[in-house]
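Trainee: Below is one structure. I have some questions about it.
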Amino acid sequence: MSQGNSPSGKSKSGGGARLSVLGVILLIVVVVGIGLSTMKFAQINEGERGLIVTQGRVEGVQEPGIFFRPFAPFTNIEVVNIRRQTRTIEQNVASSDKQLYDIDIQVDYSRIATPEALQSSYGEIGVDDSQLNAFLDGFINDALKSASTQFTLDQALSDRGGFADRIRQFLTSKAEGQRSPVEQLYVRLEAVKVLDIQVGEQYAQLLAEKANLEVQIETEEKRREQIQAQQSNNLFQAEQEATVALTRERGQTAAALEAASRESQVRAIQGRYWRENPELFELRQRELMVEMMKNGNMWFIDPNTDLTLLLNQMAGSGSAPVVPQPAPQTQPVPPEVTP
1 MSQGNSPSGK SKSGGGARLS VLGVILLIVV VVGIGLSTMK FAQINEGERG LIVTQGRVEG
61 VQEPGIFFRP FAPFTNIEVV NIRRQTRTIE QNVASSDKQL YDIDIQVDYS RIATPEALQS
121 SYGEIGVDDS QLNAFLDGFI NDALKSASTQ FTLDQALSDR GGFADRIRQF LTSKAEGQRS
181 PVEQLYVRLE AVKVLDIQVG EQYAQLLAEK ANLEVQIETE EKRREQIQAQ QSNNLFQAEQ
241 EATVALTRER GQTAAALEAA SRESQVRAIQ GRYWRENPEL FELRQRELMV EMMKNGNMWF
301 IDPNTDLTLL LNQMAGSGSA PVVPQPAPQT QPVPPEVTP
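The sequence shown begins at 1 in the UniProt record's numbering and counts up one residue at a time.
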């Protein structure tokens, strides 16, 4: 019995306990090592999205932030660029009037950031920007060739905005039985711009001559407008002067007619009185003069004024004109009578 409690037995039991502890520690280390070796960690920045791909299948989209998953040996994080990008294309094309020229255009685009679009784009194109740009450049070249055939060179030079809109139309329009280019690439067009159009020396010289001719035409047009304006002004002045002269002549004619009418009336009255009784005519003139001189007002009248009508009209008024008397005549002279 004393031999069972010997020091050798105690040493064997202590050694087994230490081996058990070491085994647990080793197991933990192995597990931790496996976890560290198979964990997935990724930093997703603004303007990016992370595609969580497990065994070749996209199981989700990681927004900007940190992605961490331990024990994920079959999971990968594919970072996708959704920032605005620019493609510049230079190409030699032919216009609808068979003119060759070089054109530079710029196309700004960005990937559609919805999870569905990113997942479909990953399955059809991938996440590599260079691969996406290769597809997009091909579509842009085709659109550029098609648009150039619908514009003459003069139209392309003068209407770059319309040319760019036509390129955009080709990139966003659906062909028969196919999706549009932007739908096939899962991108959104931000802007299309014509940067430069370069023509040959011969056509450039023709354009310069055309520009000079347009300047001359514009100058002549302005000169013609000035001449027309001056002619219109002269015509207006002439019309005004003619109107003034006509008004003056009408006034003078009316005044002459009025004077002639009054002279005719005077002569008619004088003739009637003279035919009836010449002495009574003279006597009536003197009586009217006397009656008018009885009033307090005195009127001084030109001696040459014929007072027959005046005396008849003023016989009952309160004014008395004073008329110098002509020298007496031996025989009265009958006045001329007008019909």
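Just so it is clear, CB atoms sit at the ideal spot from N, CA and C, and this is done for glycine as well.
Take Ala17 and list the residues in its own chain whose beta-carbon comes closer than 8 Å to its own, dropping the five residues that flank it on each side.
Mentor: Taken in chain order, the list of residues that qualify is empty.
Trainee: List the DSSP bridge partners of Gly65.
Mentor: In DSSP, Gly65 forms a bridge with Ile44.
Trainee: How should Gln240 be labelled, buried or exposed, when 16 other C-beta atoms within 10 angstroms of its C-beta is the threshold for buried?
Mentor: Gln240 comes out exposed.
Trainee: Does any heavy atom of the ligand FAD sit closer than 7 Å to the C-beta of Asn141?
Mentor: The ligand FAD is not part of this structure, which contains no ligands at all.
Trainee: With a 10 Å radius around its C-beta and 16 neighbouring C-beta atoms as the bar for buried, classify Gln237 as buried or exposed.
Mentor: Gln237 is exposed by the Cβ-count criterion.
Trainee: Excluding the 5 residues flanking Asp104 on each side, which residues of the same chain have their C-beta closer than 6 Å to its C-beta?
Mentor: The answer, listed in chain order, is Glu90, Leu195 and Asp196.
Trainee: Taking the alpha carbon of Val58 as the reference point, which residue from Val24, Glu124 and Ile82 has its own alpha carbon closest?
Mentor: Out of Val24, Glu124 and Ile82, Glu124 has the C-alpha closest to the C-alpha of Val58.
Trainee: Taking Leu185 as the reference, which of Asp128, Arg166, Met289 and Gln150 has the closest Cα?
Mentor: Measuring from the Cα of Leu185, the nearest candidate turns out to be Asp128.
Trainee: How should Val192 be labelled, buried or exposed, when 16 other C-beta atoms within 10 angstroms of its C-beta is the threshold for buried?
Mentor: Classification for Val192: buried.
Trainee: Please state whether DSSP places Glu59 in a helix, a strand or coil.
Mentor: DSSP places Glu59 in strand when its eight states are reduced to three.
Trainee: Which runs of the alpha helix (DSSP H) fall wholly inside the stretch 161 to 216 and span at least 4 residues, in chain order?
Mentor: With a minimum length of 4 residues, the continuous alpha helix (DSSP H) runs that stay inside the stretch 161 to 216 are 181 to 185.
Trainee: At the level of alpha carbons, what is the spacing between Val187 and Ile112?
Mentor: Distance between the alpha carbons of Val187 and Ile112: 5 Å.
Trainee: Taking one C-beta from the stretch 48 to 57 and one from the stretch 65 to 84 each time, how about it: are there three or more such pairs within less than 8 Å?
Mentor: They touch, by the three-pair rule.
Trainee: Counting only the same chain and skipping the five closest in sequence on each side, list residues whose C-beta sits under 6 Å from that of Gly60.
Mentor: Once the five neighbours on either side are set aside, the close Cβ partners of Gly60 are Ile52.
Trainee: Do you know how far the Cα of Gln106 is from the Cα of Asn81?
Mentor: Rounded to the nearest angstrom, the two C-alpha atoms are 19 Å apart.
Trainee: Out of Asn277, Ile167 and Ala156, which has the shortest C-alpha to C-alpha gap to Tyr101?
Mentor: Taking only the C-alpha atoms, the option nearest Tyr101 is Ala156.
Trainee: Please confirm whether Val93 and Ser130 have their CB atoms less than 8 Å apart.
Mentor: No, Cβ-Cβ distance for Val93 and Ser130 is not below 8 Å.
Trainee: With a threshold of 16 other CB atoms inside 10 Å of the CB of Phe151, please say whether the residue is buried or exposed.
Mentor: Phe151 comes out buried.
Trainee: Within the same chain, show all residues whose beta-carbon is closer than 7 Å to that of Glu48, passing over the 5 residues directly before and after it, in chain order.
Mentor: So the qualifying residues of the chain are Pro64, Val79, Val80, Asn81 and Ile82.
Trainee: Since Phe135 and Leu171 are thought to touch, with beta carbons under 8 Å apart, how far apart are those beta carbons, to the nearest angstrom?
Mentor: Wrong, their Cβ atoms sit about 12 Å apart, outside the cutoff.
Trainee: DSSP three-state label for Ser110, please.
Mentor: Reduced to three states, the DSSP call for Ser110 is strand.
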